[in-house]
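Visitor: The structure under discussion is supplied below as structure tokens; questions concerning it will follow.
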């Protein structure tokens, strides 16, 4: 599904990714861990195509196609979803209209007609229930006045609604209380089960006890320095990043 | 008091917007020769078969205008070449409807004019009338059709052209004309008072809630012609009326002058809601042509507990100079001003409001949203004045500006004059750009750059659009989209 080869990327003139290799198949869950400033968010944003990030070498192949030069909306329509670490507020933009427009843009790309309001409402209600979110959300502006936890849950709700082929969740677990974490993990598992490839970018092992990754990668100074099974996260927690960095 | 955000980047962007109302209707016109003198005014008045008092009033206004001819207002943040007032036609009427006949029916209207209004989406034939909206259609200087007359008559509401009202209800016209905007008010109001052509007249009697929305559609067609309409709306004690106006003009190389006056009077417990969707031709992408829109709109909340509310969506005109105001005279009266002003290409808008508080416990609300794109310049200019007798007056003002691109400007110039210490004033202002992070967020969900812009801009305007009647809110959204074509994405 996603194949990253020798990826180098710059932001603000500074080289942040220095040769990342990563391969994720449909239905797999990969966790990417690493200290602050290691390039985790940069990697997420580069995959999604954020304009300020420049790829200087290497390639990103998604669904068999090199997407290095594609605009973000085209990547999104192909099925790449980014759960934002800091979701922005869109004052006055109603959540329902925003989601409906997003869904229809993606459907149009796939030569499908607009989703009927009825079908949308059913899907929306189902996912609100899954995440135990307030029904009145539909009347509010996107992320406007949402609490930190609400924002993160709203990102996961959007993922569930859009049914992407690849979901990159950038620290979606940060700032969630234990009940919310359960709900979010549940939602991620159900999307993963349907075949979505999932990349969890996280600081904490906590979420990995609820969403079981097949692979754990340690990103340090713009490179993946260690990859392993779920057990790697345990080792990391015991030994700290230094143990893995010094080895290299 | 003044905030200025000006862009520094000079990089050019290819901007163009399509103005779909720019067609010309080929029709014979009855035109009074170019230029202005007392004979022209007498001619206009006689063509309209006006009562003597109105001619006298026009002439007084003209003489006043002449006496202050050197006093064209220059304080607004707009630039234009001097207007040659002798190089304008002051009266143009489609030949077939040049005389004012109160018994005229739609069958007497030239089919080409009906077709024009159809093309504009304003069907005035009986069978296709906008459901629940009575329409008065003004083509150049005259009213060509007013619909739903019967239904309104049954309710006791008078809705007709001002020319017709001057003949049928001279006492009402005489009693109210010039009482809110006197002929000596300002340069353009004086000019309008001298030469005003047509406009709407609305009278809602005591205790009547006007059963349908009233709408006037203004269309400038003839070339080099000024449009000087004048509208007068009176709501008697306990009456309610919602009135809408829409405006378009053909694409012309030269500038067209539009200097209108609107006067509203609300007596005790009466409410007038006045909405405008202004889409005069804005000029081409290099700033050639377009309508100069110099308008004086003012309402007097004369009675106790009366309310006057202005809502405007201004996307057209090359220059907009307009400050719909409310004089809050009655105790507990309310004044509101909700505005979206959009400028693109080389458009200039200097617009805002005045809230003059005279009565006790008077309340006013101002929410102004300015959107600047291309090389457009948009200024909010507003006055809130609390006079000594206005005990416990309150005002809330919010001015937000949104910038698109790097070559436009947004300015906020609020004047606050408080002469009673019990007043409660709130003022908020913000200037923002559509942020890259907001765009990326929307685009990451599959929306195109353009879709993302419209979504964010519509969100910015939502609190204004919700003040408009539903169909017009939809039209306003559509209009923003068309007006911004080429500026985003």
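Residue numbers (the working numbering), protein chains in the order written: chain A, 2 to 249; chain B, 4 to 492.
We treat Cβ as the ideally placed atom computed from N, Cα and C, and that holds for glycine.
1) Alpha carbon to alpha carbon, how far is residue 400(B) from residue 418(B)?
2) In the structure shown, what three-state DSSP assignment does residue 388(B) receive?
3) Distance, Cα to Cα, residue 435(B) vs residue 355(B)?
4) For residue 93(A), which residues in chain B fall below 8 Å Cβ to Cβ?
5) Mind checking if residue 151(B) is an interface residue toward chain A, Cβ cutoff 8 Å exclusive?
6) Should residue 315(B) and residue 360(B) be called a contact, given that it needs their Cβ atoms to be closer than 8 Å?
7) How would you call residue 36(B), buried or exposed, if buried means at least 16 neighbouring beta carbons within 10 angstroms?
8) Check whether the Cβ of residue 78(A) lies closer than 8 Å to any Cβ atom in chain B.
9) Can you find a CB in chain A that lies within less than 8 Å of the CB of residue 477(B)?
10) Show which residues of chain B have a CB atom less than 9 Å away from the CB atom of residue 121(A).
11) Since residue 139(B) meets chain A, which of its residues come closer than 9 Å, beta carbon to beta carbon?
12) What separation, rounded to the nearest whole angstrom, lies between the Cα atoms of residue 487(B) and residue 442(B)?
13) Considering only their Cβ atoms, is the gap separating residue 275(B) from residue 244(B) smaller than 8 Å?
14) Measuring only the C-alpha atoms, how far is residue 181(A) from residue 191(A)?
15) In three-state terms, what does DSSP make of residue 152(B)?
16) Which residue from 267(B), 229(B), 471(B), 386(B) puts its Cα closest to that of residue 206(B)?
17) Classify residue 230(B): buried if its beta carbon has 16 or more other beta carbons within 10 angstroms, exposed otherwise.
18) At the level of alpha carbons, what is the spacing between residue 63(B) and residue 261(B)?
19) List the residues of chain A whose Cβ lies closer than 9 Å to the Cβ of residue 401(B), in chain order.
20) Could you check whether the Cβ of residue 444(B) sits closer than 8 Å to any Cβ belonging to chain A?
21) Tell me whether residue 184(B) sits in a helix, a strand or coil according to DSSP, three-state version.
22) Is residue 470(B) close to chain A? Criterion is C-beta to C-beta, closer than 8 Å.
23) Helix, strand or coil for residue 199(B), going by three-state DSSP, please let me know.
24) What did DSSP end up calling residue 435(B) once you bin it into helix, strand or coil?
25) Can you tell me the Cβ-Cβ gap for residue 152(A) and residue 88(A), rounded? I've got them flagged as a contact below 8 Å.
26) Taking Cβ-Cβ distances shorter than 9 Å, what residues in chain B pair up with residue 159(A)?
27) Give the DSSP-derived three-state secondary structure of residue 66(B) in the structure shown.
28) In chain A, what lies closer than 8 Å to residue 440(B) by C-beta?
29) For residue 86(B), I'd like the list of residues in its chain whose CB is within less than 6 Å of its CB, leaving aside the five on either flank, ordered along the chain.
30) Among the candidates 245(A), 217(A), 203(A), 98(A), whose CA atom is the shortest distance from the CA of residue 37(A)?
31) Using 8 Å as the limit for Cβ to Cβ distance, is residue 100(B) near chain A?
32) Alpha carbons only, please: which of 398(B), 455(B), 458(B) is nearest the one belonging to residue 431(B)?
33) Considering only the beta carbon of each residue, do residue 2(A) and residue 217(A) sit closer than 8 Å?
34) Taking contact to mean at least 3 C-beta pairs separated by less than 8 Å, is the region 182 to 194 of chain B in contact with the region 157 to 174 of chain B?
35) Would residue 454(B) pass as an interface residue toward chain A - the criterion being a Cβ-Cβ separation below 8 Å?
36) Using the Cα positions of residue 364(B) and residue 311(B), report the straight-line distance between them to the nearest angstrom.
Guide: In this structure, then:
1) On the second chain, position 397 is the one that residue 400(B) refers to. On the second chain, position 415 is the one that residue 418(B) refers to. Using only the alpha carbons, I get a separation of about 11 Å.
2) Counting from one through the second chain, the residue named residue 388(B) turns up at place 385. In the structure shown, residue 388(B) sits in a strand (DSSP, three-state: E or B).
3) Position 432 of the second chain, counted from the first residue, corresponds to residue 435(B). Position 352 of the second chain, counted from the first residue, corresponds to residue 355(B). Rounded to the nearest angstrom, the two C-alpha atoms are 19 Å apart.
4) Counting from 1 along the first chain, the entry for residue 93(A) is found at position 92. Those are 461, 462, 463, 464, 465, 466, listed as they occur along chain B.
5) As a working note, residue 151(B) is residue 148 in the second chain. For residue 151(B), the answer is no, since every Cβ of chain A falls outside 8 Å of its Cβ.
6) One-based indexing of the second chain puts residue 315(B) at position 312. One-based indexing of the second chain puts residue 360(B) at position 357. No, they are not a contact pair.
7) Along the second chain, one-based indexing puts residue 36(B) at 33. By the neighbour-count rule (16 or more Cβ atoms within 10 Å), residue 36(B) is not buried but exposed.
8) Translated into the one-based positions of the first chain, residue 78(A) becomes position 77. Yes, residue 78(A) lies at the interface with chain B (some Cβ there is under 8 Å from its Cβ).
9) In the second chain, counting from the first residue as 1, residue 477(B) sits at position 474. It does not: the Cβ of residue 477(B) has no partner Cβ on chain A nearer than 8 Å.
10) Locating residue 121(A) in the first chain gives position 120, where the first residue counts as 1. Under the 9 Å cutoff, chain B gives no residues; its nearest Cβ is about 15 Å from residue 121(A).
11) One-based indexing of the second chain puts residue 139(B) at position 136. The premise fails here: residue 139(B) is roughly 33 Å from chain A at the closest Cβ pair, so nothing lies under 9 Å.
12) Taking the second chain and counting its residues from 1, the one referred to as residue 487(B) is at position 484. Taking the second chain and counting its residues from 1, the one referred to as residue 442(B) is at position 439. The straight-line gap from Cα to Cα measures roughly 16 Å.
13) Here residue 244(B) refers to the residue found at position 241 of the second chain. Here residue 275(B) refers to the residue found at position 272 of the second chain. Yes. Within cutoff.
14) The residue you call residue 181(A) lines up with position 180 of the first chain. The residue you call residue 191(A) lines up with position 190 of the first chain. Spanning the two alpha carbons is a distance of roughly 15 Å.
15) As a position in the second chain, residue 152(B) is number 149, starting the count at 1. Residue state, collapsed to three classes: helix.
16) By one-based count along the second chain, residue 206(B) stands at place 203. Comparing Cα positions, the closest option is 267(B).
17) As a working mapping, residue 230(B) is identified with position 227 in the second chain. By the neighbour-count rule (16 or more Cβ atoms within 10 Å), residue 230(B) is buried.
18) Residue mapping note: residue 63(B) aligns to position 60 of the second chain, counting from 1. Residue mapping note: residue 261(B) aligns to position 258 of the second chain, counting from 1. Computed Cα separation, rounded: 21 Å.
19) The sequence position of residue 401(B) within the second chain is 398, counting from 1. Those within 9 Å of residue 401(B) in chain A number zero; the least Cβ separation is about 12 Å.
20) What you label residue 444(B) is simply residue 441 of the second chain in a count that begins at 1. Residue 444(B) counts as touching chain A.
21) Looking up residue 184(B) in the second chain gives position 181. Looking at residue 184(B) - three-state DSSP - the assignment turns out to be coil, as it is neither helix nor strand.
22) Residue numbering aside, residue 470(B) sits at position 467 when the second chain is read from its first letter. Chain A, which has no Cβ nearer than 8 Å to the Cβ of residue 470(B), makes this no.
23) Residue numbering aside, residue 199(B) sits at position 196 when the second chain is read from its first letter. Residue 199(B): coil per DSSP, three-state reduction.
24) As a first step, residue 435(B) must be located in the second chain, where it is residue number 432. DSSP places residue 435(B) in strand when its eight states are reduced to three.
25) For this step, residue 152(A) is matched to residue 151 along the first chain. For this step, residue 88(A) is matched to residue 87 along the first chain. Correct: roughly 5 Å between the Cβ atoms.
26) Within the first chain, numbered from 1, the residue matching residue 159(A) stands at position 158. Within chain B, the residues near residue 159(A) are 448.
27) Working through the second chain from its first residue, we reach residue 66(B) at position 63. Helix, per DSSP.
28) Counting from 1 along the second chain, the entry for residue 440(B) is found at position 437. Neighbours of residue 440(B) on chain A, chain order: 89.
29) Position 83 of the second chain holds residue 86(B). Correct list: empty, nothing qualifies.
30) Here residue 37(A) refers to the residue found at position 36 of the first chain. Closest by alpha carbon: 203(A).
31) Here residue 100(B) refers to the residue found at position 97 of the second chain. Unreliable positioning characterises residue 100(B) in this predicted model, as indicated by a pLDDT of 48, which lies under 50. A coordinate reading is not provided.
32) Position 428 of the second chain holds residue 431(B). Nearest of 398(B), 455(B), 458(B) to residue 431(B), Cα basis: 398(B).
33) The sequence position of residue 2(A) within the first chain is 1, counting from 1. The sequence position of residue 217(A) within the first chain is 216, counting from 1. Taking 8 Å as the Cβ cut-off, residue 2(A) and residue 217(A) do not qualify as a contacting pair.
34) no
35) Taking the first residue of the second chain as 1, we reach residue 454(B) at position 451. Output row for residue 454(B): interface = yes.
36) Within the second chain, the letter at position 361 stands for residue 364(B). Within the second chain, the letter at position 308 stands for residue 311(B). Their backbone Cα atoms lie some 15 Å apart in a straight line.
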